[in-house]
Amino acid sequence: MIAPPFSMPVLKKRSEFLAVAKGVRAPRRAFVLQALCDRDSGHLPRIGYTVTKKTGNAVERNRIKRRLRAAIRDVAPFAARPACDYVLIGRRAALDISFSDLKKDLAAGFARVHKDARTPADGQDGPQPDRRAPGRSGEPTTAPRAKSE
1 MIAPPFSMPV LKKRSEFLAV AKGVRAPRRA FVLQALCDRD SGHLPRIGYT VTKKTGNAVE
61 RNRIKRRLRA AIRDVAPFAA RPACDYVLIG RRAALDISFS DLKKDLAAGF ARVHKDARTP
121 ADGQDGPQPD RRAPGRSGEP TTAPRAKSE
(Lines of atoms letter the chains of each structure in order from A and count residues from 1; the text may use other names and numbers.)
(Lines give C-alpha, C1' and ligand atoms only; values in the text may rest on other atoms or scores of the structure.)
Protein backbone atom coordinates (compact mmCIF):
# COMPACT_ATOMS: atom_id res chain seq x y z
CA MET A 1 0.00 0.00 0.00
CA ILE A 2 1.29 3.46 -0.90
CA ALA A 3 1.38 6.11 1.81
CA PRO A 4 -0.78 9.17 1.15
CA PRO A 5 1.15 12.26 0.06
CA PHE A 6 2.20 14.67 2.79
CA SER A 7 0.22 17.86 2.95
CA MET A 8 0.49 20.72 5.41
CA PRO A 9 -2.37 23.01 6.34
CA VAL A 10 -2.07 26.31 4.49
CA LEU A 11 -2.05 29.87 5.84
CA LYS A 12 -4.73 31.90 4.07
CA LYS A 13 -5.44 35.03 6.08
CA ARG A 14 -3.38 38.20 5.79
CA SER A 15 -3.19 38.44 9.57
CA GLU A 16 -1.51 35.00 9.70
CA PHE A 17 1.10 36.08 7.15
CA LEU A 18 1.76 39.31 9.08
CA ALA A 19 2.16 37.40 12.35
CA VAL A 20 4.74 35.05 10.82
CA ALA A 21 6.61 38.03 9.36
CA LYS A 22 7.45 39.06 12.94
CA GLY A 23 9.25 35.77 13.50
CA VAL A 24 12.61 34.45 12.37
CA ARG A 25 13.82 34.77 8.75
CA ALA A 26 16.18 32.56 6.78
CA PRO A 27 17.10 34.14 3.44
CA ARG A 28 18.22 31.63 0.83
CA ARG A 29 19.10 31.84 -2.84
CA ALA A 30 15.65 30.89 -4.20
CA PHE A 31 13.37 31.97 -1.35
CA VAL A 32 13.08 33.51 2.10
CA LEU A 33 11.72 31.22 4.82
CA GLN A 34 9.94 32.89 7.73
CA ALA A 35 8.89 30.98 10.84
CA LEU A 36 6.96 31.64 14.00
CA CYS A 37 6.58 28.91 16.63
CA ASP A 38 4.05 28.81 19.45
CA ARG A 39 4.60 25.81 21.68
CA ASP A 40 1.34 26.31 23.56
CA SER A 41 -0.77 25.59 20.51
CA GLY A 42 -0.69 21.97 19.49
CA HIS A 43 -1.59 22.52 15.85
CA LEU A 44 0.15 20.89 12.92
CA PRO A 45 2.79 22.91 11.11
CA ARG A 46 1.17 25.34 8.66
CA ILE A 47 2.69 26.98 5.61
CA GLY A 48 1.94 29.94 3.39
CA TYR A 49 3.36 30.77 -0.03
CA THR A 50 3.82 34.18 -1.56
CA VAL A 51 5.55 35.46 -4.68
CA THR A 52 5.47 39.18 -5.45
CA LYS A 53 4.51 40.58 -8.83
CA LYS A 54 7.96 42.04 -9.37
CA THR A 55 9.24 38.45 -9.59
CA GLY A 56 7.62 37.88 -12.98
CA ASN A 57 4.36 37.33 -14.79
CA ALA A 58 1.60 35.05 -13.47
CA VAL A 59 2.94 31.96 -15.25
CA GLU A 60 6.39 32.37 -13.68
CA ARG A 61 4.97 33.16 -10.23
CA ASN A 62 2.76 30.06 -10.33
CA ARG A 63 5.68 27.90 -11.48
CA ILE A 64 7.75 29.18 -8.54
CA LYS A 65 4.92 28.33 -6.12
CA ARG A 66 4.52 24.84 -7.64
CA ARG A 67 8.24 24.13 -7.26
CA LEU A 68 8.22 25.37 -3.66
CA ARG A 69 5.15 23.25 -2.83
CA ALA A 70 6.80 20.16 -4.34
CA ALA A 71 9.98 20.77 -2.34
CA ILE A 72 7.93 21.22 0.85
CA ARG A 73 6.24 17.85 0.26
CA ASP A 74 9.67 16.20 0.24
CA VAL A 75 11.41 18.16 3.01
CA ALA A 76 8.75 19.24 5.52
CA PRO A 77 7.85 15.78 6.90
CA PHE A 78 11.38 15.62 8.31
CA ALA A 79 12.12 19.30 8.97
CA ALA A 80 8.90 21.10 9.97
CA ARG A 81 8.00 21.27 13.65
CA PRO A 82 4.52 21.06 15.15
CA ALA A 83 3.01 24.34 16.39
CA CYS A 84 5.08 26.35 13.89
CA ASP A 85 3.83 28.51 11.06
CA TYR A 86 6.02 29.04 8.01
CA VAL A 87 5.90 31.44 5.06
CA LEU A 88 7.92 30.88 1.90
CA ILE A 89 8.56 34.02 -0.14
CA GLY A 90 9.59 32.86 -3.59
CA ARG A 91 12.38 34.50 -5.56
CA ARG A 92 13.06 34.34 -9.27
CA ALA A 93 16.08 32.06 -8.71
CA ALA A 94 13.62 29.29 -7.79
CA LEU A 95 13.00 28.87 -11.53
CA ASP A 96 16.65 28.29 -12.42
CA ILE A 97 17.99 26.32 -9.46
CA SER A 98 17.98 22.51 -9.69
CA PHE A 99 15.30 20.76 -7.69
CA SER A 100 17.83 18.90 -5.54
CA ASP A 101 19.54 22.21 -4.68
CA LEU A 102 16.14 23.72 -3.91
CA LYS A 103 15.43 20.90 -1.44
CA LYS A 104 18.88 21.29 0.16
CA ASP A 105 18.31 25.04 0.56
CA LEU A 106 14.90 24.36 2.07
CA ALA A 107 16.33 21.89 4.60
CA ALA A 108 19.05 24.41 5.48
CA GLY A 109 16.40 27.13 5.83
CA PHE A 110 14.38 25.01 8.26
CA ALA A 111 17.53 24.29 10.30
CA ARG A 112 18.35 28.00 10.41
CA VAL A 113 14.92 29.17 11.56
CA HIS A 114 14.71 26.45 14.21
CA LYS A 115 18.17 27.34 15.50
CA ASP A 116 17.24 31.02 15.80
CA ALA A 117 13.60 30.50 16.83
CA ARG A 118 12.55 32.04 20.10
CA THR A 119 9.14 31.42 21.52
CA PRO A 120 7.33 32.73 24.60
CA ALA A 121 7.82 29.24 26.10
CA ASP A 122 11.59 29.79 25.92
CA GLY A 123 11.22 32.75 28.27
CA GLN A 124 12.00 35.20 25.47
CA ASP A 125 8.85 37.31 25.57
CA GLY A 126 10.51 40.51 24.48
CA PRO A 127 11.65 41.51 21.04
CA GLN A 128 14.69 39.85 19.55
CA PRO A 129 17.96 41.78 19.74
CA ASP A 130 18.86 44.01 16.81
CA ARG A 131 21.43 42.03 14.81
CA ARG A 132 22.04 44.70 12.21
CA ALA A 133 25.46 46.20 11.76
CA PRO A 134 26.31 49.20 13.95
CA GLY A 135 25.09 52.45 12.51
CA ARG A 136 22.13 50.91 10.69
CA SER A 137 19.68 51.14 13.57
CA GLY A 138 18.67 54.67 12.67
CA GLU A 139 20.74 56.23 15.43
CA PRO A 140 23.84 58.27 14.66
CA THR A 141 27.13 56.42 15.14
CA THR A 142 28.91 59.49 16.52
CA ALA A 143 27.81 61.96 19.13
CA PRO A 144 26.24 65.09 17.67
CA ARG A 145 28.50 68.11 17.65
CA ALA A 146 27.74 70.97 19.97
CA LYS A 147 26.86 74.19 18.22
CA SER A 148 29.51 76.84 18.63
CA GLU A 149 28.24 80.31 19.33
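Here the sequence shown stands for residues 1 to 149, numbered as in the UniProt record's numbering.
Glycine included, C-beta positions come from ideal geometry on N, C-alpha and C.
Treat the numbers as computed from the prediction; the structure is a model and nothing was measured.
Check: Is it buried or exposed for A76, if we count other Cβ within 10 angstroms and need 16 for buried?; Outcome: buried
Check: Please report the residue range of the alpha helix (DSSP H) in which L36 lies.; Outcome: Per DSSP, L36 belongs to no alpha helix (DSSP H); it is in the beta strand (DSSP E), 31-37.
Check: What are the residues that DSSP puts in a beta bridge with T50?; Outcome: I89
Check: What residue range is occupied by the uninterrupted alpha helix (DSSP H) comprising V59?; Outcome: 58-79
Check: Taking DSSP as the reference, what is the three-state secondary structure of A26?; Outcome: strand
Check: Based on DSSP bridge pairs, tell me the residues matched to V10.; Outcome: I47
Check: Can you tell me which of K22, T50, R14 puts its alpha carbon nearest to the alpha carbon of R61?; Outcome: T50
Check: Which two residues bound the contiguous alpha helix (DSSP H) that contains L102?; Outcome: 99-116
Check: Take the Cβ of A21 as the centre, count every other Cβ of all protein chains shown within 10 Å, and call the residue buried at 16 or more, exposed below.; Outcome: exposed
Check: I need the straight-line Cα distance from R46 to C84, nearest angstrom please.; Outcome: 7 Å
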